[in-house]
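Peer 1: Protein chains in written order, with this note's numbering: chain A, 1 to 212; chain B, 1 to 10.
Let me give you the structure first, and then I'll get to my questions.
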């Protein structure tokens, strides 16, 4: 464990808590992409299948359980409890355009052709593009609530911090996982446009609006 | 080359 990975995990946990708070406090999931949240739940489900069989540490097990529970909890809030506030008209990104190529790629490019490894690879590739429906939805509505922009900033920061973690582990532990690094870089690059808007607007106290 | 470590990352 290193400071980059720890702060990355905390940023990830913070993002998930911010989203749950937003939905619970405003009793609305307006502006939140249910498709992205479905894909995040799929990411955690396919990545943490070894939760029972492969004990790493109490921290690892606890965080995995929190991530799985919170991602399904978010789906429950969005599609059941506050379903009436789900903005399906603006959440129109075609998930199959992401899931199918990612599934194909995980069969072609992986470290080991075994079920667990292919599912892990699928979850890594899927996570790198899972935010696209959310970013697409913001581009369609042209704005995002401030709390939702904080959620996205924390979520984008988590994988950026993981990149620093991989640099650290490469130099100090000789650890290197090309699949995770490449996918993590793609994932972080997808946030650049949002990061620019967030830093130039939200940090000045303005609402996050996209230039018309 | 990826050091065969357990998948210890989240």
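All C-beta atoms, glycine included, are put in the ideal place defined by N, C-alpha and C.
#1: Quick one: is residue 10 of chain B buried, meaning 16 or more other Cβ sit within 10 Å of its Cβ, or exposed?
#2: Go ahead and label residue 173 of chain A buried or exposed: buried means 16 or more other beta carbons lie within 10 angstroms of its beta carbon, across all protein chains shown.
#3: What is the DSSP secondary structure of residue 173 of chain A, counted as helix, strand or coil?
#4: Using the three-state DSSP reduction, which class does residue 62 of chain A fall into: helix, strand or coil?
#5: Would you report the Cα separation of residue 85 of chain A and residue 198 of chain A, rounded to the nearest angstrom?
#6: Would you check if the stretch 134-153 of chain A and the stretch 193-207 of chain A touch, i.e. whether three or more CB-CB distances between them fall below 8 angstroms?
#7: For residue 153 of chain A, collect the residues of the same chain with a Cβ closer than 6 angstroms to its Cβ; drop the 5 residues on either side in sequence, then sort them by chain order.
#8: Does DSSP put residue 1 of chain B in a helix, in a strand, or in coil?
#9: Tell whether a beta-carbon distance below 7 angstroms holds between residue 165 of chain A and residue 5 of chain A.
#10: Determine the extent of the alpha helix (DSSP H) in which residue 24 of chain A is found, giving its start and end residues.
#11: With DSSP collapsed to three states, give me the class of residue 10 of chain B.
#12: By a C-beta neighbour count over all protein chains shown, 10 Å radius and 16 as the cutoff for buried, is residue 1 of chain B buried or exposed?
#13: Measuring only the C-alpha atoms, how far is residue 40 of chain A from residue 168 of chain A?
#14: Please list, in chain order, all residues of the same chain as residue 119 of chain A whose beta carbon is under 7 angstroms from its beta carbon, the five residues on each side excluded.
#15: Which same chain residues, not among the five before or five after residue 103 of chain A, have their C-beta less than 7 angstroms away from its C-beta?
#16: Tell me the DSSP bridge mates of residue 143 of chain A?
#17: Does any C-beta atom of chain B lie closer than 7 angstroms to the C-beta of residue 17 of chain A?
#18: Tell me the start and end of each unbroken alpha helix (DSSP H) in the stretch 66-122 of chain A that is at least 4 residues and wholly inside, in chain order.
#19: Give every residue of the same chain whose Cβ lies closer than 6 angstroms to the Cβ of residue 90 of chain A, excluding the five residues on either side of it in the sequence, and list them in chain order.
#20: Measuring CA to CA, which of A:27, A:211, A:194 is closest to residue 81 of chain A?
#21: Would you call residue 6 of chain B buried or exposed, if buried means 16 or more other Cβ atoms sit within 10 Å of its Cβ?
Peer 2: So, from the listed chains and residues:
#1: buried
#2: exposed
#3: helix
#4: helix
#5: 25 angstroms
#6: yes
#7: 198
#8: With a pLDDT of only 49 at residue 1 of chain B, under the threshold of 50, the placement of this residue in the model should not be trusted; the figure read from the coordinates follows. Correct three-state label for residue 1 of chain B: coil.
#9: yes
#10: 3-26
#11: coil
#12: Note that residue 1 of chain B scores a pLDDT of 49, beneath 50, so its modelled location is shaky and nothing firm can be said.
#13: 26 angstroms
#14: 46, 49
#15: 122
#16: A:209
#17: no
#18: 96-108
#19: 137, 140, 141
#20: A:27
#21: exposed
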